[in-house]
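Colleague: The structure is given below, and queries will be raised subsequently.
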Amino acid sequence: GQQLNQSPQSMFIQEGEDVSMNCTSSSIFNTWLWYKQEPGEGPVLLIALYKAGELTSNGRLTAQFGITRKDSFLNISASIPSDVGIYFCAGQLRSSNTGKLIFGQGTTLQVKP
Amino acid sequence: DTGVSQDPRHKITKRGQNVTFRCDPISEHNRLYWYRQTLGQGPEFLTYFQNEAQLEKSRLLSDRFSAERPKGSFSTLEIQRTEQGDSAMYLCASGIPGQPYPSENTDGYTFGSGTRLTVV
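These protein sequence lines map, in sequence, to chains A and B.
My numbering numbers the first residue of the first sequence as 1 and each following residue consecutively.
My numbering numbers the first residue of the second sequence as 1001 and each following residue consecutively.
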């Protein structure tokens, strides 16, 4: 099935460091979402973006909806051990109003105390 | 807890057996989605319901798969004649059109904890 290109695939960082990950697509999206998933659980929504160029923060998390509508990034500042998990980008195609989401492959984040 | 509930959490079955999973959405959510997630991948859309109507099905949903939402509340996903390739996490999500982000009045587009299926 169609998926977004998410990078990096994994990151191993020191506590306190900043983290950046991004998603790209060849298709145009009208909504970008960022989720976090922990082992054995479903994805939990972190940030939702609705407009091209939009920059939104949620605590230490900041995400942006790319101007071209084909990309998005997520930054985590001053990482802490509980940031560990898999982060997914997800988007809804411009041509869709069903709420169907297309997901990236995920970025696995490990934080060393 | 008023979140999306899935049952069972884990299911181990022998190849060729039929299995059925249940999803109870957040009560005021009229949209319900099923996704499949294999190891190391993001979730992939399978199908969705608006109330009791199944409005879209992915090509991933072969003839062995069937989903129902008979009264517009809970939903079931059945897999017949399971194959080893069906091993995955099956996720259910519910939502209200146009409101993917939680607000004080809604939980937004919310995933359950999933059912982990292992076919041996």
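Positions of the beta carbon are idealized from the N, C-alpha and C atoms, including for glycine.
(1) Taking 8 Å as the cut-off, does the region 1011 to 1026 of chain B touch the region 1066 to 1079 of chain B (at least 3 CB pairs, one atom from each stretch)?
(2) In angstroms with no decimal places, state the Cα-to-Cα distance between GLN1054 (chain B) and VAL1004 (chain B).
(3) Using 7 Å as the limit for Cβ to Cβ distance, is PHE1049 (chain B) near chain A?
(4) Out of A:CYS23, A:PRO39, A:ASN22 and A:PRO113, which has the shortest C-alpha to C-alpha gap to SER79 (chain A)?
(5) Buried or exposed, going by whether 16 or more other CB atoms sit within 10 Å of the CB of THR1082 (chain B)?
(6) Which residues in the same chain have their Cβ closer than 7 Å to the Cβ of SER1113 (chain B), if we skip the five residues on either side of it in sequence?
(7) Counting only beta-carbon atoms, is GLN1084 (chain B) nearer than 7 Å to chain A?
(8) Around the Cβ of PHE12 (chain A), are there at least 16 other Cβ atoms within 10 angstroms (buried) or fewer (exposed)?
(9) For PHE88 (chain A), would you say it is in contact with chain B, using Cβ-to-Cβ distances shorter than 7 Å as the test?
(10) Between the Cα of LEU4 (chain A) and the Cα atoms of A:VAL111, A:LYS36, A:GLN92 and A:VAL84, which residue gives the shortest distance?
(11) Mind checking whether ILE76 (chain A) and ARG94 (chain A) have CB atoms under 7 Å apart?
(12) Tell me which residue opens and which closes the beta strand (DSSP E) that SER10 (chain A) is part of.
(13) Could you give the DSSP three-state label for GLY114 (chain A): helix, strand or coil?
(14) Closer than 8 Å, Cβ to any Cβ of chain B: which residues of the region 95 to 112 of chain A, in chain order?
(15) Determine which residues share a DSSP beta bridge with ILE1012 (chain B) and list them.
(16) Would you mind sorting LYS36 (chain A) into buried or exposed? The rule is 16 or more other CB atoms within 10 Å of its CB.
(17) Note down, in chain order, every chain B residue with its Cβ under 7 Å from the Cβ of GLY42 (chain A).
(18) Near SER10 (chain A), which residues of its chain fall below 6 Å by C-beta distance, leaving aside the five closest residues on each side in sequence?
(19) For SER1066 (chain B), does the three-state DSSP call read helix, strand or coil?
(20) Give me the Cα-Cα distance between PHE29 (chain A) and GLN64 (chain A), rounded to the nearest whole angstrom.
(21) In three-state terms, what does DSSP make of GLU1104 (chain B)?
(22) Between the beta-carbon of LYS100 (chain A) and the beta-carbon of PHE1045 (chain B), is there less than 7 Å?
(23) Helix or strand or just coil, what does DSSP make of GLY1085 (chain B)?
(24) Between GLU1104 (chain B) and LEU33 (chain A), what straight-line distance do the alpha-carbon atoms span, to the nearest angstrom?
Modeller: On the basis of the supplied data:
(1) These segments touch.
(2) Their Cα atoms are separated by approximately 19 Å.
(3) Closer than 7 Å to the CB of PHE1049 (chain B) there is not a single CB belonging to chain A.
(4) Out of A:CYS23, A:PRO39, A:ASN22 and A:PRO113, A:PRO113 has the C-alpha closest to the C-alpha of SER79 (chain A).
(5) With 16 or more other Cβ atoms within 10 Å, it is buried.
(6) The answer, listed in chain order, is GLN1006 and ARG1009.
(7) Output row for GLN1084 (chain B): interface = no.
(8) Burial call: exposed.
(9) True, the Cβ-Cβ gap to chain B drops below 7 Å.
(10) Ranked by how close their Cα comes to the Cα of LEU4 (chain A), the residues A:VAL111, A:LYS36, A:GLN92 and A:VAL84 have A:GLN92 in first place.
(11) Not closer than 7 Å, so no.
(12) Counting along the chain, the beta strand (DSSP E) containing SER10 (chain A) begins and ends at 10 to 14.
(13) Given a span of 1 to 113 for chain A in the structure shown, any question on residue 114 (chain A) remains unanswerable.
(14) Using a CB distance below 8 Å, the part of the region 95 to 112 of chain A facing chain B consists of ASN97, THR98, GLY99, LYS100, LEU101, ILE102, PHE103, GLY104, GLN105 and GLY106, ordered along the chain.
(15) When beta bridges are read from the DSSP output, ILE1012 (chain B) appears opposite B:THR1118.
(16) Classified as buried, LYS36 (chain A) has 16 or more neighbouring CB atoms from the shown chains inside 10 Å of its CB.
(17) Neighbours of GLY42 (chain A) in chain B, taken as residues at a C-beta separation under 7 Å, are given in chain order as LEU1091, PHE1111, GLY1112, SER1113 and GLY1114.
(18) These residues qualify, in order along the chain: THR108.
(19) Strand, per DSSP.
(20) A direct Cα-to-Cα measurement between PHE29 (chain A) and GLN64 (chain A) gives close to 13 Å.
(21) With a pLDDT of 49 at GLU1104 (chain B), under the threshold of 50, the modelled position of this residue cannot be trusted; read the value that follows with caution. Three-state result, GLU1104 (chain B): coil.
(22) Yes.
(23) Correct three-state label for GLY1085 (chain B): helix.
(24) Confidence in GLU1104 (chain B) is poor, its pLDDT being 49 and thus under 50, which makes the residue's placement too unreliable to answer from.
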